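J.:
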Ligand SMILES: Nc1ncnc2c1ncn2[C@@H]1O[C@H](COP(=O)(O)OP(=O)(O)O)[C@@H](O)[C@H]1O
Ligand SMILES: [Mg+2]
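Residue numbers (the numbering used here), protein chains in the order written: chain V, 1 to 313; chain X, 1 to 381.
Here it is, written out as structure tokens:
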């Protein structure tokens, strides 16, 4: 509510009172700006100005170390969208987001519901699933390399054991993205599970008992009658958070594949890093960053607009 | 015809004995209140009847059928929760429809949009909507059907909860302190509405409350539970006039009944250190305590019963009547009397009072705190 609207009756006062109230409201407004000021300045300095700079860079051909900078208009964007290899980074990122968000939300919700229904050992399982969240990915990547190694990896050895041929998971065009998606799901599972556990805890037991009396005698029907609808706000939150996290996928690509083979696992953030810090093409990297930011913005707006009305009661 | 039978039900939580062997017989269309202080096990007993909790021993029969191994859905009961437990994401109409949808449609038929494809699901949905509208009309919530529970007042939520419970005509309606979340005025109104609803629908009702006024005004019979044990079951008048024990007598009635130690035997009555003659009516009885309700302590000069002189300790004016607290002699025993305003005005002028315990209304209790039925003894004397 904008300042001053809490006192609608002041609009009907006589002139003297009205001017008195207005100056009072002016004062309130000034105080409000005073309080909001420091945070606003900080926001402008650290977020808005850098973003604006990026937008400006994106329209130039600046390369780091070059003295002459030319304004090139939308040429960087045209280059990005006309190069199939570049386009692939956007497609890879969107596929990665779709698969990991769906996978981690479904799995973490199932795990949370199962853990909550356990008669014992809940703390143990909670800790096990939360482990990837508290450990850094770069360290855990070693473990993944060990598992996925084509000849000595645990996965291929197990597959050979049951008579199946393994893959070179991280260096095969057809398996590299699915493998990265799986690793992404594994990474996000624990955090999402904790959010769902908190959501589950907030559902009063009365609802389950009411549903049981109303005729939802199986756990399955109670899930659809009570748990799923009442978790709506939590689920929306988890989906948004996961999507934003998945969209920023970087570590696993940088550590495990470097976008290989032949760009098959390249993603937006990694190509920004490559263009900007590898080839020092600041202008082009800025253009990809703009694409990255805009896609993120659209994704978030669509999710919130679409879902906010439906899940809140 | 008997509708609910609870036979020697026991329940422990860990080492605390919550129910210590409760037996109840409730007939069809009866309205029974389970009355007891908070923590005495009322909710636990109700949950055992509903099948939400499993008893450690004893059994529950509903409509002549043992239901010990049946889940809540198969017991043909409905429960109104203290919190109402209305599903917050569903409208009032959808809330009331849930018990019907769950029972009349299979999981597949419940899928949204399916009633457009299946004729059977469509007719069922239509019947459900009709039943919902009907019960909503009778609970006077027809105009609220499209609202969500978050947009309802306490009293309206209460009505929706009752409608959801009654819509499928359960053989037993269970209610757990349904009025405790309402303000005092609304509580009085809802009390009458629930009684009226019971009269119209005639569902056998078990109503849990810690509020004796609710129990007294609403119930056909009251079951007084203290400390996990059923102390007494009877009509409100029986509970009030012939309490089974000192504990029941003290729990029911406000202000509390006066309990005074005494010796009563063939030699006569000694009360507060004084022997009383002229208590002919009590001849032949023996007791360790007398109980006398505040309204039966009078300042009448005439009448039968022992009189004592006491000092006025405090006066409370209640408008239509007044309460007087008085201390008897030097013994320090306090008694409470309920009087009309005339007596109150006179009492204000003095600091002592001579009161009479109406012999006809005196209750006698033995050493074991159980009531002695002296009218029977009197009959033979
Ligand atoms: N699930 C439970 N676990 C342990 N103790 C319980 C549980 N439910 C109730 N109790 C205990 O049993 C006693 C009776 O509880 P309850 O039936 O809710 O009483 P009332 O409804 O009469 O207030 C209380 O002392 C309560 O603490
Ligand atoms: Mg209770």
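Don't be surprised by glycine CBs; every beta carbon is placed ideally from N, CA and C. For clarity, every value in this text was computed on a predicted model and none was experimentally measured.
For residue 66(X), is the classification buried or exposed, using 16 other Cβ atoms within 10 angstroms of its Cβ as the cut-off for buried?
T.: When all chains shown are included, residue 66(X) counts as exposed.
J.: What residues come near ligand 2, if near means a beta carbon less than 7 Å from any of its heavy atoms?
T.: Taking each Cβ in turn, the ones that pass are 38(X), 42(X), 43(X), 82(X), 176(X), 177(X) and 208(X).
J.: For residue 152(V), is the classification buried or exposed, using 16 other Cβ atoms within 10 angstroms of its Cβ as the cut-off for buried?
T.: The residue in question, residue 152(V), is exposed, as its Cβ has fewer than 16 Cβ neighbours within 10 Å.
J.: Assign residue 135(X) to one of two classes, buried (16 or more other C-beta atoms within 10 Å of its C-beta) or exposed (fewer than that).
T.: Burial call: buried.
J.: Within 9 Å (strictly less), CB to CB, does residue 230(V) reach chain X?
T.: So, interface residue.
J.: Mind checking if residue 128(X) is an interface residue toward chain V, Cβ cutoff 9 Å exclusive?
T.: Closer than 9 Å: no.
J.: Using a Cβ cut-off of 8 Å, pull out every chain V residue sitting near residue 83(X), in sequence order please.
T.: In chain order: 204 and 206.
J.: Determine the DSSP secondary structure at residue 217(X), reduced to helix, strand or coil.
T.: Reduced to three states, the DSSP call for residue 217(X) is helix.
J.: Which first and last residues belong to the alpha helix (DSSP H) in which residue 47(V) is found?
T.: Neither: residue 47(V) is in no alpha helix (DSSP H) and is coded neither H nor E.
J.: When the cut-off is 9 Å and only beta carbons count, does residue 217(V) lie next to chain X?
T.: So, interface residue.
J.: Can you grab the Cα-Cα spacing for the pair residue 157(V) / residue 239(V), in whole Å?
T.: Residue 157(V) and residue 239(V): Cα-Cα distance of roughly 35 Å.
J.: By the 7 Å beta-carbon criterion, what residues does the stretch 336-362 of chain X contribute toward chain V?
T.: Listed by position, the residues of the stretch 336-362 of chain X near chain V (Cβ gap below 7 Å) amount to none.
J.: What's the C-alpha gap between residue 52(V) and residue 285(V)?
T.: Straight-line Cα distance between these residues: approximately 14 Å.
J.: Does residue 248(X) get closer than 9 Å to chain V when you measure Cβ to Cβ?
T.: Closer than 9 Å: no.
J.: On a CA-only basis, which of 205(V), 28(V), 289(V) and 256(V) is nearest residue 117(V)? Give me that one, please.
T.: Looking at the Cα atoms, 205(V) is the closest of the given residues.
J.: Using 8 Å for Cβ pairs, my map puts residue 24(X) next to residue 41(X). What's the rounded Cβ distance?
T.: Incorrect: roughly 13 Å between the Cβ atoms, too far for contact.
J.: Between which residues of its own chain and residue 282(V) is the CB-CB distance below 7 Å, once the five residues before and five after are set aside?
T.: For residue 282(V), where only same-chain residues beyond five positions count, the Cβ hits under 7 Å are 57, 62, 63, 64 and 276.
J.: Is it the case that the Cβ atoms of residue 308(X) and residue 343(X) are separated by a distance below 9 Å?
T.: Cβ atoms of residue 308(X) and residue 343(X): not closer than 9 Å.
J.: Just to make sure I have the definition right: I need the residues of chain X whose C-beta is within less than 8 Å of the C-beta of residue 221(V). Which are they?
T.: Correct list: 102 and 107.
J.: At which residue ranges does the stretch 220-265 of chain V contain complete alpha helix (DSSP H) runs of 4 or more residues, listed in the order of the chain?
T.: Correct list: 232-247.
J.: Nearest chain V C-beta to residue 50(X) closer than 9 Å, yes or no?
T.: Cβ-Cβ to chain V under 9 Å: yes for residue 50(X).
J.: Tell me whether residue 300(X) sits in a helix, a strand or coil according to DSSP, three-state version.
T.: If DSSP states are grouped into helix, strand and coil, residue 300(X) belongs with coil.
J.: Spatial neighbours of residue 369(X) within its chain, please: CB distance less than 8 Å, with the 5 preceding and 5 following residues excluded, ordered by chain position.
T.: Excluding sequence neighbours, residue 369(X) sits near 245, 246, 247 and 289.
J.: Rounded to the nearest angstrom, what separates residue 180(X) and residue 187(X) at their Cα positions?
T.: About 8 Å.
J.: Are the CB atoms of residue 92(X) and residue 144(X) within a distance shorter than 9 Å?
T.: Yes; because the gap between Cβ atoms is below 9 Å, this pair is in contact.
J.: Cβ closer than 7 Å: which chain X residues qualify as neighbours of residue 214(V)?
T.: Within chain X, the residues near residue 214(V) are 98, 99 and 102.
J.: Among residues of its own chain, excluding the 5 on either side of residue 47(X), which ones have a beta-carbon nearer than 8 Å to its beta-carbon?
T.: Excluding sequence neighbours, residue 47(X) sits near 53.
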